Amino acid sequence: MISQHLYGVDASPPTSETRTSLPIAKTPRPPYYAVIFTSVRHPSHSPSVYSATASAMADLAARQPGYLGAESSYDQTNRVGITVSFWESEEAIREWKQQVDHLAAQKMGKQAFYKMYRVRVAKVEREYGWDTMTVADEQQPDP
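Numbering (my numbering), first residue to last: 351 to 493.
Now the structure itself:
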């Protein structure tokens, strides 16, 4: 389901099954880059077409050089979605933005899916967290 497609780095590209089994993308030590895509879906968009397109783009992104993972969520009440994808470099981000199938999906998004959207690109300088799913805690102090 597009409202919860979450995925991370693995030895092989993530499948639909592994994307939904990882709650937070597994990223390398910083620095790396984040592309934050926030959108409001148009009330008349086709959920089935959107879901198929989003799934295809998630699978395609996972095969791109420099891709590290992504996290995504969707609020059905307000029709607001946020997807954060993680990348090794700004060059990898530029190449993904210009990928031919992604360009077609961007055009479709403007025409049929989104009432509005915003893309932000940021460099991740620091990361910390805690995880009960692993044996060893990172033991890094919160900044």
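Note that beta-carbon positions come from the ideal geometry of N, C-alpha and C, so glycine has one too.
All values derive from a computational prediction rather than experimental measurement.
Rank Thr377, Gln414, Val434 and Leu453 by C-alpha distance to the C-alpha of Arg470 and give the top, closest one.
The shortest C-alpha separation from Arg470 is found at Val434.
For the stretch 447–475, which segments carrying the alpha helix (DSSP H) assignment without a break, of at least 4 residues, lie completely within its bounds, in sequence order?
Within the stretch 447–475, the complete alpha helix (DSSP H) segments of 4 residues or longer fall at 450–458, listed in chain order.
How big is the Cα-Cα spacing for Ala402 and Gln461?
For Ala402 and Gln461, the gap between their C-alpha atoms comes out near 16 Å.
Taking buried to mean at least 16 other C-beta atoms within 10 Å of its own C-beta, is Glu477 buried or exposed?
Exposed, by the Cβ-count rule.
Under 8 Å by Cβ, that's how I've got Gly416 and Ser394 pegged, so tell me the actual separation to the nearest angstrom.
That pair is no contact at about 35 Å.
Can you give the Cα-Cα distance for Asp481 and Pro373, rounded to whole angstroms?
Roughly 11 Å separates the two Cα atoms.
What whole-angstrom Cβ distance do Gly431 and Ser398 have, given they're in contact under 8 Å?
With a Cβ gap of about 16 Å, Gly431 and Ser398 do not count as contacting.
Alpha carbon of Leu453 to alpha carbon of Lys447, nearest angstrom
CA-to-CA, the gap between Leu453 and Lys447 works out to about 7 Å.
Would you kindly work out how many angstroms separate the C-alpha atoms of Ser362 and Gln414, rounded to a whole number?
Note that Ser362 scores a pLDDT of 35, beneath 50, so its modelled location is shaky and nothing firm can be said.
What's the C-alpha gap between Lys473 and Tyr382?
So the alpha carbons of these two residues sit roughly 6 Å apart.
Does Ser398 come out as helix, strand or coil in the three-state DSSP assignment?
In the structure shown, Ser398 sits in a helix (DSSP, three-state: H, G or I).
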